[in-house]
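Here is the structure we will look at, set down as structure tokens.
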Amino acid sequence: PDIRVLLLEAGPPDRNPYIHLPAGFAKLTGNAANWGYSTVPQHHVGGREMWYPQGRVLGGGSSINAQVYTRGHAKDYDEWAQTDGCAGWSYKEVLPYFRRAEDNQCFSNEFHGTGGPLAVSDQTSPHPISKVFLRAAQEAGLPFNADFNGERQDGCGLYQVTQRNARRCSAAVGYLKPVLPRANLTVLTGAHTTRLLIESGSVVGVELVYAGGRARGSLRADREVIVTAGAIGSPKLLLLSGIGPADELKALGIPVAHDLAGVGRNLQDHMDVYAVNELTGDQSYDKHLRPHKQLWAGLEYLLFRTGPAASNLAEGGAFWFADTQARSPDIQFHFMVGSGLEHGLEKLKNCGVTLNSAFLRPRSRGSVRLRNGDPFAPPLIDPNYWADPYDRKISIEGFRIARRIMASPAFKPFVLAERLPGPQVRTEEEIAAYACKFSKTDYHPVGTCKMGVDAMAVVDTSLRVRGLEGLRVCDSSVMPRLISSNTNAATIMIAEKASDHILGHLAA
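Position in the sequence shown (from 1) plus 638 gives the number in the working numbering.
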């Protein structure tokens, strides 16, 4: 209560009803509530520019994601600690923060907590075709797993989701809304931070544009500035402020305030390669695109909090091995109960389903760079997908497993035909050519302000920017390497642990 906090958000408040409606995320990967970014041409994926949504709304990515609650594998965090020099971030040390954050509807044990700000629930009314997916995956050799965040990760199951009473629980809903009445908290939306103010080696405040771009100003911080703009926005802001590789900043005419080579480097992301199958009848949520069906779905949601509108649409999932020698599952599947749910993917004439497969630990590394010194210009985002041939190999093998699941006996009564890429696409080269045309981000960028001790580390293990006072970065950009799952839960864990560092509860 003796610390005053000002929260600056470039986007609007989270009043868009699609944000809080679980199925609404399919409407949010377009231009609504996000920055509308695209990548630079991906040289190893056919030279294609890919759509790259990042949250621009109160709650950030947690307000527009598919609400899947997965944490990654225990070995991910042990690797942070043992290989990347991030002391204090092993699985044993971060597990208490996962548990502290969580209010799990179903589990309460050594892996799960209750009473925390983040609501985690079982799905209220999963579609019957998602249960078919579970049977099919087991027929393909994957064991059933009731809890991907428990003792083991491998297998297939229904995802738990960040929802309560069939409404999204974003970081804004779970953490911010309950404390808005506090006198020591001010929230300013529509406030685009354009630069950090640096004096004598200390960050002392920010410059911002607000009121719809009509006003400019600066604000000073008594204690410190915490940057939480994500794996794209955080390095962009640091670079605009003269914090980053000196040669790169000089070439853009930006005065160098602090030469820090790792800012904007080390970008990692999961890339999806997916199979779209047409069904024999009205057996997916595609049927609810018809106006009268939408009306019925809306009534069902309002009356019972069940049905299509209560779904996160990515209901079923699995973790499995494309490389049998991998130290833990290296492929994640999201079973989408529809054929045109993703940005840029047209739905089929009849109902369909989509099975996404993503290689979890890519070896390729990309970057986030400035286009110029204009704070409103989109950055140059280069995930550098498939730069390492191993990533290509494992992605293709993961896609083949997805196909094997969809060809299992359980799906025979329901699947009419594979429409994308189609049965004519069989060889490695043919699958790669298809992926170059239709693959997409899995929305999990990390690593561009990485934590660590080497020369490319941007923040230390307390998330303080190395070589500067008064500045921390606290978001997915600090992950030294990508975790083996969706990233939202891990980002919230990072914030929980950071809060203890900020308050002095943990040793620096």
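Beta carbons are placed, not taken as given, at the ideal position from N, Cα and C, and that holds for glycine. Owing to the predicted nature of the structure, the values given are computational and were not obtained by experimental measurement.
Residue i versus residue j - alpha carbon distance
| i | j | result |
| --- | --- | --- |
| LEU917 | ARG806 | 29 angstroms |
| GLY698 | PRO1017 | 18 angstroms |
| LEU696 | GLU1067 | 43 angstroms |
| THR832 | GLY978 | 36 angstroms |
| SER949 | GLY684 | 34 angstroms |
| ALA692 | VAL865 | As written in the sequence, residue 692 is Gln, which differs from the Ala given in the question. Cα to Cα, the separation comes out at about 15 angstroms. |
| THR1079 | ASP910 | 6 angstroms |
| ILE657 | SER759 | 17 angstroms |
| VAL1084 | ALA996 | 15 angstroms |
| ARG709 | GLU845 | 35 angstroms |
| ARG854 | VAL847 | 4 angstroms |
| ALA664 | VAL863 | 34 angstroms |
| ARG737 | LEU1144 | 17 angstroms |
| ASP1012 | LEU890 | 10 angstroms |
From the options, residue whose alpha carbon lies closest to that of residue i
| i | options | result |
| --- | --- | --- |
| TRP718 | ALA1040, ALA1128, GLU1134 and ILE1140 | ALA1128 |
| VAL1091 | GLY662, GLY726, GLY868 and GLN761 | GLY726 |
| ASN669 | LEU659, GLY684, ASP652 and TYR690 | TYR690 |
| ASN672 | LEU644, GLU687 and ILE702 | ILE702 |
| SER808 | VAL817, ALA784, PRO1027 and PRO755 | PRO755 |
| ASN915 | HIS908, VAL844, VAL991 and VAL1084 | VAL991 |
| CYS1087 | GLY882, ALA1136 and GLY843 | GLY882 |
| PHE1075 | LEU1054, TYR1081, LEU1058 and PRO893 | Correcting the residue type first, residue 1075 is Lys in the shown sequence and not Phe. Comparing Cα positions, the closest option is LEU1058. |
| GLY793 | ARG1102, TYR1028 and ALA960 | ALA960 |
| VAL770 | MET1044, ARG858 and GLY936 | MET1044 |
| VAL732 | ASP716, GLN932, SER840 and GLU1056 | ASP716 |
Assigned exposure category for residue i - 16 Cβ within 10 Å defines buried
| i | result |
| --- | --- |
| HIS972 | buried |
| HIS926 | buried |
| ALA849 | exposed |
| GLY955 | buried |
| MET1094 | exposed |
| GLY662 | buried |
Reduced DSSP category for residue i - H, G, I as helix; E, B as strand; rest coil
| i | result |
| --- | --- |
| MET1131 | helix |
| SER949 | coil |
| PHE957 | strand |
| LEU814 | helix |
| CYS1074 | helix |
| ILE969 | strand |
| HIS681 | coil |
| PHE1049 | helix |
| PHE782 | strand |
| ASP640 | coil |
| ARG1030 | helix |
| GLU647 | strand |
Inter-residue CB distance, residue i and residue j (contact presumed, cutoff 8 angstroms)
| i | j | result |
| --- | --- | --- |
| PHE1049 | ALA774 | 5 angstroms |
| ALA1015 | ARG1009 | 5 angstroms |
| GLY976 | SER1046 | Between SER1046 and GLY976 the Cβ distance is about 20 angstroms, and since that is not below 8 angstroms, they are no contact. |
| ASP920 | CYS989 | 5 angstroms |
| GLY649 | ARG694 | 4 angstroms |
| PRO764 | GLU953 | 5 angstroms |
| TYR735 | MET1131 | 5 angstroms |
| PRO946 | GLN801 | Rounded, the Cβ-Cβ distance is 14 angstroms, inconsistent with contact. |
| ILE1032 | ASP1113 | Between ASP1113 and ILE1032 the Cβ distance is about 27 angstroms, and since that is not below 8 angstroms, they are no contact. |
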